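**Q** Numbering (the working numbering), first residue to last: 1 to 639.
1. In whole angstroms, what separates the C-alpha of residue 568 from that of residue 469?
2. With H, G and I counted as helix, E and B as strand and the rest as coil, what does DSSP make of residue 170?
3. Judging by CA-CA distance, which residue of 614, 346, 429 is the nearest neighbour of residue 387?
4. Buried or exposed for residue 252, please, with buried defined as at least 16 other CB atoms from any protein chain shown within 10 angstroms of its CB.
5. Since residue 635 sits in a beta bridge, which residues does DSSP pair it with?
6. Considering only their Cβ atoms, is the gap separating residue 331 from residue 232 smaller than 7 Å?
7. My understanding is that residue 14 touches residue 93, with C-beta atoms under 8 Å, so please give their C-beta distance in whole angstroms.
8. For the 8 Å Cβ check, are there 3 or more pairs between the segment 103-113 and the segment 232-241?
9. With H, G and I counted as helix, E and B as strand and the rest as coil, what does DSSP make of residue 9?
10. Alpha carbon to alpha carbon, how far is residue 347 from residue 8? Give it in angstroms, no decimals.
11. Just reading off the alpha helix (DSSP H) that residue 576 is part of, what are its end residues?
12. Pull the bridge partners of residue 527 from the DSSP assignment, please.
13. Taking only three categories from DSSP, how would you classify residue 23?
14. If I'm right that residue 341 touches residue 272 with Cβ under 8 Å, what's the distance once you round it to whole angstroms?
15. Helix, strand or coil for residue 105? Go by DSSP, reduced to three states.
16. Let's test the definition: count the other Cβ atoms within 10 Å of the Cβ of residue 99 and tell me whether it reaches 16, buried, or not, exposed.
17. Comparing alpha-carbon positions, which option in 318, 411, 435, 68 lies nearest residue 649?
18. Who are the near neighbours of residue 478 in its chain, counting only those whose CB is closer than 7 Å to its CB and skipping five residues on each side?
19. Going by alpha carbons, who is nearest to residue 75 out of 103, 45, 101?
20. Kindly identify the DSSP beta-bridge partner or partners of residue 124.
21. Using only the alpha-carbon positions, how far apart do residue 23 and residue 147 sit?
22. Can you give the Cα-Cα distance for residue 16 and residue 169, rounded to whole angstroms?
23. Give the C-beta separation of residue 214 and residue 195 to the nearest angstrom, bearing in mind that I take them to be a contact with Cβ-Cβ under 8 Å.
24. Determine the direct distance from the alpha carbon of residue 443 to that of residue 588, and round the result to whole angstroms.
25. Applying the criterion that 16 or more other CB atoms from any shown protein chain within 10 Å of the CB defines a buried residue, is residue 370 buried or exposed?
26. Under 7 Å Cβ to Cβ from residue 354, same chain only, skipping five residues before and after it: list those, please.
27. Pull up the distance between the alpha-carbon of residue 488 and that of residue 180, whole angstroms please.
28. Any idea what DSSP makes of residue 629, helix, strand or coil?
29. With DSSP as the reference, label residue 154 as helix, strand or coil.
30. Here's the rule: buried if 16 or more other CB atoms are within 10 angstroms of the residue's CB, otherwise exposed. What is residue 54?
31. Are the CB atoms of residue 573 and residue 552 within a distance shorter than 7 Å?
32. So what does residue 610 bridge to, in DSSP terms?
33. Taking the beta carbon of residue 124 as the centre, do at least 16 other beta carbons fall within 10 Å, making it buried, or is it exposed?
34. From the DSSP output, read off the bridge partner residues of residue 433.
Encoded structure:
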């Protein structure tokens, strides 16, 4: 199909007109051009493309055109019987073979989705099949308009969540949506929700009569839409949205509702945290954490966008770049068919940022440009803070924005990155950098070298891991009382401050953080006792007797998860991701935290080349204590 060129200066886009037809008739389409400035009336489709090798045929003016099977099914469901439907669908409305047009249209996608009066979130024609599924369900035919309405579902939630079998794909989808509706109700406590109950062991489980609906709900949350990069801005920018499976639909506001219900009841410090969250069985806890992270990331992106558009923060280039950095980091687990889209796919969420899509450059260059843009715009090295997630095709200093990890890894790491802005490791040293292709030149001072490394603490072996770290630090020996830390104070105080990164995080207000005090060391003694106590009732008593215990426990979790404890040649204590003995500790000009650099063998006589391991916490180096203002800065080349 030939596409007429669009006038980018006039904000032209193509819209798709789906001609009316019945379920079994061929799908006939038309394209027409409009300007966004004219405020056209249209819907937009948010969906996962699906396999490019599995296609179905539609027609444009009698001419055949291939679309993915998932898109074909969406068009068939959305088509009306008696009237045309006008929509924006990226795979059809953008010439996918035209790099210039694609780049220009991507820059307009924020306006496209914000301009649609409704965004249809297409999760599929039916829920994904269960691994051990029984007889295939009858597929409910008919358009979305012919399905059961949301109001009807709400009146029937009790019956739908207790069905022991489903006769059609529509009924199964409605049962899954009914569970979401229950979870999104923030007016009820979690121990009162219909789908949960206490078992004989005192653990919260999914009740047996709701097992089929819960399974359907988990398969709903397993739809590929939730994993895709582009859908984030499509959801966030929508004025109104609907989640659609086949001919069943519910408001998109249920996603934010589920997160709000979790945050108001289950988060640490809330009413249901101890009586419920501490008593989930492992499987249900992991499922809920995954759901929470899915809703949390979408909610975070929406809040950041609204804060920017409402003017709640200064509209400076540095503030916009900081928001872009946070959004890039938070969405790096999302999937895209083109890795560059993990950079370009969120640009519409960050108003005021002067960074643009460019499909003429490769992945390595696009990631490198993105990192340099952040360094330049923020005038610091926050772009280098956070896990590198190695990729053989990227320089070590360019974060891999297409890397997945477990959900809690992102939540804890996101908070650690945020806390990193509170430090001043390079106090008095102003940013100095240069970029030469895939080489990043920085200046700073080498202050130490890693001596020993202890493996990370895991959830299941927290007590053993903590004792291992104590042995590594030497704080479990009789000689500890007469030894002092290189930066002053006792080894015990230094160790305690290290394992919480010298910060106490408020349970009730996660953004409320204070520096640790000597009183927190007494919380650490209670925490050690709590960790070693096998009896759950006694653990609860230990926690309740020590004021600030829960704040300390939360701070410890954020500070240490996926982190290794290390000691340095000068006797300092620190935390980092995947450090090795011999890694060098550097204070780099413009950095709020120290960095670990790994020396590379000299090639062609070139000295001073390093691989960036990542940022680190080193007690006694976080506030400029180790900066030698009289000492000249040394040059390092990161490759």
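A virtual CB, placed ideally from N, CA and C, is assigned to each residue, including glycine. All values reported here derive from a predicted model rather than from experimental measurement.
**A** So, to answer that:
1. 14 Å
2. helix
3. 614
4. buried
5. 443
6. yes
7. 4 Å
8. yes
9. helix
10. 17 Å
11. It is not in any alpha helix (DSSP H) - residue 576 instead sits in the beta strand (DSSP E) that spans 573-576.
12. Under DSSP, no beta-bridge partner is assigned to residue 527.
13. Reduced to three states, the DSSP call for residue 23 is coil.
14. Going by Cβ atoms, the distance from residue 341 to residue 272 rounds to 38 Å, so no, they are not a contact pair.
15. Reduced to three states, the DSSP call for residue 105 is helix.
16. Exposed.
17. The structure shown does not extend to residue 649, since the chain spans only 1 to 639, so no value can be given for it.
18. Caution applies to residue 478, whose pLDDT of 48 falls short of 50 and renders its modelled position unreliable; the model cannot decide the point.
19. 45
20. 245
21. 13 Å
22. 28 Å
23. 6 Å
24. 6 Å
25. buried
26. For residue 354, where only same-chain residues beyond five positions count, the Cβ hits under 7 Å are 317.
27. 53 Å
28. coil
29. DSSP, reduced to helix, strand and coil, places residue 154 within a helical segment of the structure shown.
30. exposed
31. no
32. 599, 638
33. buried
34. Its beta-bridge partners are 442.
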